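In the working numbering, the protein residues as written are 84 to 199.
Don't be surprised by glycine CBs; every beta carbon is placed ideally from N, CA and C.
Computed from a predicted structure; not experimentally measured.
Here the structure is laid out as structure tokens; the discussion comes afterwards.
Encoded structure:
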């Protein structure tokens with residue numbers, strides 16, 4: 084597990100960008116109080132999903148308005164065609180942790196994940 088942030092520091096309706104991993108991971112706290120984590124990079128073009136708009140369990144990319152379901156990573160609106168990789172989230176003692184996926188990321192064309 085990777086510590087992301089204190090739960091108290093992540094208000095509902097907001098996102099936290101975990102950039103100590105490659106590719107970076109975005110942690111979202113929905114208005115309903117649910118926590119989701121996905122790769123922070125849109126699969127269509129290199130844009131931060133943490134900078135996008137959160138509505139329910141969907142995030143809209145700020146660049147070209149692709150939407151992704153945070154529960155599954157599936158694309159809900161084009162132009163993105165590939166899903167975004169999802170990660171597990173655990174809260175222990177007031178800290179939000181990300182459990183990284185073992186699956187490879189779906190990065191946009193031309194982008195490569197750096198190894199850390």
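Sequence-distant residues of the same chain with beta carbon closer than 8 angstroms to residue 198, five excluded per side: Unreliable placement is indicated for residue 198, whose pLDDT of 45 sits below 50; no coordinate value is reported for it.
I need the DSSP call for residue 165, collapsed to helix, strand or coil. It is coil, neither helix nor strand.
Which value, in whole angstroms, describes the spacing of the CA atoms of residue 131 and residue 165? Taken atom to atom, the span from the alpha-carbon of residue 131 to that of residue 165 is near 16 angstroms.
Residue 93 by DSSP, collapsed to three states: which one? Coil at residue 93, not helix or strand.
Taking the alpha carbon of residue 113 as the point to measure from, which residue in 107, 175, 183 and 94 has its own alpha carbon closest? Here the closest residue by C-alpha is 94.
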